[in-house]
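First residue of the sequence shown: 1, per the UniProt record's numbering; consecutive thereafter.
A virtual CB, placed ideally from N, CA and C, is assigned to each residue, including glycine.
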Amino acid sequence: MSLGTQSSQVPVKFQAKLLIKIIIAIILGIIAGLLFSKFSAGLVLTRIFLIFNSIFSNFLSFIIPLLIVGLVAPGIGHLGRDAGKLLIITIIMAYAFTLFSGFSTYGVTSLIYPSMLDGVSLLSPKADVQSSIKPYFTIDMPPIMSVTSALILAFVLGFGLAVTKTEKIMHVIDDLRVIINKIIESVIIPLLPFYIFTIFMSIAYAGEIGKVLSVFIKIIILIFILTVILLLIFFTIAGLIAGKNPLTLLKRMMPAYVTALGTSSSAATIPVTLECALSNGVRNSIASFVIPLCATINLSGSMLKIVACSFAIIYTTGMDISFGQYAGFILTLAVAMVAAPGVPGGAIMTALAPLSSVLGFSQETNALMIALYIVMDSFGTATNVTGDGAIAVILDKIYKHDHHITEDETEV
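This is how it looks when you write it as structure tokens:
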């Protein structure tokens, strides 16, 4: 399938290398900020570094609408073109898993954060020092359209292409996707560590780094626990439907989980995920279809991380976000992330649009989201691919009597 091949273009070690660079950037940024705060010339150096920070932030604001149109539109268009009964059921199930992850994470964090993050505020008086530090100059880059307009345009184009199957327009949209992918891979991702460096440098300069790191550590621990619980729920559902032991099903998916922890790539883990699905008794015809497809559309782990991180930032900054507003964010993000696995760092990059337009995140809070997300990227990917195995088990049960699947088909 088109989207399956798209995902396979992600370099296996790309995310792992990016994670190392981000961690180094955070450490160096903290050291630089603490050093600069000790002498008067440090303010000059800080403002110089913030020139890049400002320009890069403005470029991100400019490119986000183009990113949404260039990635989401062809993603939806290709899915619709390959429409079939099995495909539709798989998409609905993956979307349901992703939505369940988002709303359940919201519910759990809304109960836990008041006690876990009690008294923590990322907008304390010291933060005013950080906000008062300005770059010597910047370059305005107003986007050609709002994020909301870009999302609507992407949905209209995507569903329109799925229905009309217009080849000429589809080729143009595919070419736009190639351009956007190239910009992300060659410009945004290489410069991202330095951008994170400047963010943490300014936070450390303002004396807020201890507070930020304490929030990070608490969220990382919570997210790991939530991913384990989420997988237990998914495989309990799969076990009940298929009449199999959920823990045995989950245990057989562990090689895929561990592989994803190392590669941070759903696409690179497909061969292992496929073998694990077969070991759970899923017929080859079902597994070979569902696993590559779900590597593109099942983003339950990514959704969990984004919701947990964003709600933590909302809570600690005192933002007033209603449940209805956040529900709109989850519904929008679940659709927008369809194209995410085809782009390194695609899930969080795609999330920047609804984070800004729906939740009102600033450039600084978006930068914190990027840093926190990438630090935990492997956990989300591992949850995504392991959850693919649960979907495969359910689909295999649903279609066991389908005339396209013979009972004597070889099973591993």
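#1: Can you tell me which of the three DSSP states residue 234 falls into?
#2: Spatial neighbours of residue 37 within its chain, please: C-beta separation below 6 angstroms, excluding the five flanking residues on both sides.
#3: Out of 398, 321 and 21, state which residue places its alpha-carbon closest to the alpha-carbon of residue 239.
#4: From the DSSP output, in three-state form, read off residue 377 for me.
#5: Taking 8 angstroms as the cut-off, does the region 380-400 touch the region 290-301 (at least 3 CB pairs, one atom from each stretch)?
#6: Give me, in chain order, the residues of the same chain whose beta-carbon lies closer than 7 angstroms to that of residue 49; leave out the 5 immediate sequence neighbours on both sides.
#7: How would you call residue 253, buried or exposed, if buried means at least 16 neighbouring beta carbons within 10 angstroms?
#8: From this set, 211, 376, 387 and 367, which residue's C-alpha is nearest residue 194's C-alpha?
#9: Answer yes or no: do residue 348 and residue 315 have a C-beta to C-beta separation smaller than 9 angstroms?
#10: Can you give the Cα-Cα distance for residue 92 and residue 292, rounded to whole angstroms?
#11: How would you label residue 163, buried or exposed, when you count the other beta carbons within 10 angstroms and need 16 or more for buried?
#12: Rounded C-beta distance between residue 53 and residue 140? I'm assuming under 8 angstroms.
#13: Along the alpha helix (DSSP H) that carries residue 187, what are the first and last residues, could you check?
#14: Relative to the C-alpha of residue 416, which residue among 310, 320 and 323 is closest?
#15: Hey, how far is the Cα of residue 272 from the Cα of residue 389?
#16: Taking the beta carbon of residue 78 as the centre, do at least 16 other beta carbons fall within 10 Å, making it buried, or is it exposed?
#17: By Cβ distance below 6 angstroms, which residues in the same chain neighbour residue 73 in space, the five residues on each side in sequence not counted?
#18: Enumerate in chain order the residues of its own chain whose CB-to-CB distance from residue 294 is below 6 angstroms, with the five nearest sequence positions on each side excluded.
#19: Have a look at 136, 225 and 26 and flag the residue whose alpha-carbon is nearest the alpha-carbon of residue 105.
#20: Compute the Euclidean distance between the alpha carbons of residue 42 and residue 28, then round it to the nearest angstrom.
#21: What do you reckon, are the CB atoms on residue 256 and residue 386 nearer than 9 angstroms?
#22: Report the residue ranges of all alpha helix (DSSP H) runs contained in full by the region 130-176; include only those spanning at least 4 residues, in chain order.
#23: Measure the alpha-carbon distance for residue 152 versus residue 352 and round it to whole angstroms.
#24: Under a three-way DSSP split, which group does residue 97 fall into?
#25: Ignore the nearest five residues each way along the sequence and tell me which others in residue 183's own chain have a CB closer than 7 angstroms to its CB.
#26: Going by the beta-carbon positions, is the gap between residue 318 and residue 209 smaller than 9 angstroms?
#27: Compute the distance between the beta-carbons of residue 460 and residue 375, then report whether it is under 9 angstroms.
#28: Take residue 308 and list the residues in its own chain whose beta-carbon comes closer than 8 angstroms to its own, dropping the five residues that flank it on each side.
#29: Count the other C-beta atoms from every protein chain shown that fall within 10 angstroms of the C-beta of residue 114, then say buried if there are 16 or more, exposed otherwise.
#30: So which of 358, 362 and 337 has the shortest CA-CA distance to residue 350?
#31: Mind reading off the beta-carbon distance from residue 323 to residue 354? Whole number of angstroms is fine, and I expect it under 8 angstroms.
#32: Thinking C-beta only, is residue 230 closer than 9 angstroms to residue 101?
#33: I'd like the list of long-range same chain contacts for residue 396, defined as Cβ closer than 6 angstroms, with 5 residues on each side in sequence excluded.
From the atom records:
#1: Walking along the sequence shown from the start, residue 234 turns up at place 234. Correct three-state label for residue 234: helix.
#2: As a working mapping, residue 37 is identified with position 37 in the sequence shown. Excluding residues within five positions, the ones whose Cβ falls inside 6 angstroms are 205.
#3: Along the sequence shown, one-based indexing puts residue 239 at 239. The residue with the shortest Cα to Cα distance from residue 239 is 398.
#4: Stepping through the sequence shown from its first residue, residue 377 is reached at position 377. Three-state result, residue 377: helix.
#5: yes
#6: Locating residue 49 in the sequence shown gives position 49, counting from the first residue. So the qualifying residues of the chain are 198 and 201.
#7: As a first step, residue 253 must be located in the sequence shown, where it is residue number 253. The residue is buried, with at least 16 neighbouring Cβ atoms inside 10 Å.
#8: Here the question's residue 194 lines up with position 194 in the sequence shown. Of the candidates 211, 376, 387 and 367, the one whose C-alpha sits nearest the C-alpha of residue 194 is 367.
#9: Taking the sequence shown and counting its residues from 1, the one referred to as residue 348 is at position 348. Taking the sequence shown and counting its residues from 1, the one referred to as residue 315 is at position 315. By the CB criterion at 9 angstroms, residue 348 and residue 315 fall outside the cutoff.
#10: Within the sequence shown, residue 92 is the residue found at index 92, counting from 1. Within the sequence shown, residue 292 is the residue found at index 292, counting from 1. Going from the Cα of residue 92 to the Cα of residue 292 covers about 16 angstroms.
#11: The residue you call residue 163 lines up with position 163 of the sequence shown. Exposed, because fewer than 16 other Cβ atoms sit within 10 Å of the Cβ of residue 163.
#12: In the sequence shown, counting from the first residue as 1, residue 53 sits at position 53. In the sequence shown, counting from the first residue as 1, residue 140 sits at position 140. Actually they are not in contact, since the Cβ atoms of residue 53 and residue 140 sit about 15 angstroms apart, beyond 8 angstroms.
#13: For the purposes of this step, residue 187 is identified with residue 187 of the sequence shown, where counting begins at 1. Neither: residue 187 is in no alpha helix (DSSP H) and is coded neither H nor E.
#14: Residue 416 falls outside the range modelled here, since the chain spans only 1 to 412, and no answer is possible.
#15: Position 272 of the sequence shown, counting from 1, holds the residue named residue 272. Position 389 of the sequence shown, counting from 1, holds the residue named residue 389. About 11 angstroms.
#16: Numbered from its first residue, the sequence shown carries residue 78 at position 78. Classification of residue 78: buried, given that the 10 Å Cβ count is 16 or more.
#17: Your numbering for residue 73 matches position 73 in the sequence shown. Hits under 6 angstroms: 154, 157, 158 and 173.
#18: Here residue 294 refers to the residue found at position 294 when the sequence shown is read from its first residue. Contacts found: 94, 388 and 391.
#19: By 1-based counting over the sequence shown, the position of residue 105 is 105. Nearest of 136, 225 and 26 to residue 105, Cα basis: 225.
#20: Reading the sequence shown from its first residue, position 42 is the one you call residue 42. Reading the sequence shown from its first residue, position 28 is the one you call residue 28. Taking the straight line from one Cα to the other gives about 15 angstroms.
#21: As a working mapping, residue 256 is identified with position 256 in the sequence shown. As a working mapping, residue 386 is identified with position 386 in the sequence shown. Result yes, Cβ atoms of residue 256 and residue 386 sit closer than 9 angstroms.
#22: Counting whole runs of 4 or more residues, the region 130-176 contains the alpha helix (DSSP H) stretches 147-164.
#23: On the sequence shown, position 152 is the one that residue 152 refers to. On the sequence shown, position 352 is the one that residue 352 refers to. Our two residues, residue 152 and residue 352, have alpha carbons roughly 16 angstroms apart in a direct line.
#24: Stepping through the sequence shown from its first residue, residue 97 is reached at position 97. Of the three classes helix, strand and coil, the one that applies to residue 97 here is helix, per DSSP.
#25: Here the question's residue 183 lines up with position 183 in the sequence shown. Excluding residues up to 5 positions away in sequence, 63 lie with their Cβ nearer than 7 angstroms to the Cβ of residue 183 in the same chain.
#26: As a first step, residue 318 is located in the sequence shown; it is residue number 318 there, counting from the start. As a first step, residue 209 is located in the sequence shown; it is residue number 209 there, counting from the start. No, the Cβ-Cβ distance between residue 318 and residue 209 is not below 9 angstroms.
#27: What the structure shows of the chain is the stretch from 1 to 412, and residue 460 is not part of that stretch, so it cannot be assessed.
#28: Taking the sequence shown and counting its residues from 1, one reaches residue 308 at position 308. Closer than 8 angstroms at Cβ, skipping near neighbours: 105, 109, 219, 222, 223 and 226.
#29: Taking the first residue of the sequence shown as position 1, residue 114 is located at position 114. Residue 114 should be labelled exposed.
#30: Residue mapping note: residue 350 aligns to position 350 of the sequence shown, counting from 1. With distances taken between Cα atoms, residue 350 lies closest to 337.
#31: For the purposes of this step, residue 323 is taken as residue 323 along the sequence shown, with counting starting at 1. For the purposes of this step, residue 354 is taken as residue 354 along the sequence shown, with counting starting at 1. With 8 angstroms as the limit, residue 323 and residue 354 do not qualify as a contact, their Cβ atoms being about 16 angstroms apart.
#32: Position 101 of the sequence shown holds residue 101. Position 230 of the sequence shown holds residue 230. Yes, Cβ-Cβ distance for residue 101 and residue 230 is below 9 angstroms.
#33: Residue numbering aside, residue 396 sits at position 396 when the sequence shown is read from its first letter. Taken in chain order, the residues that qualify are 282, 283 and 286.
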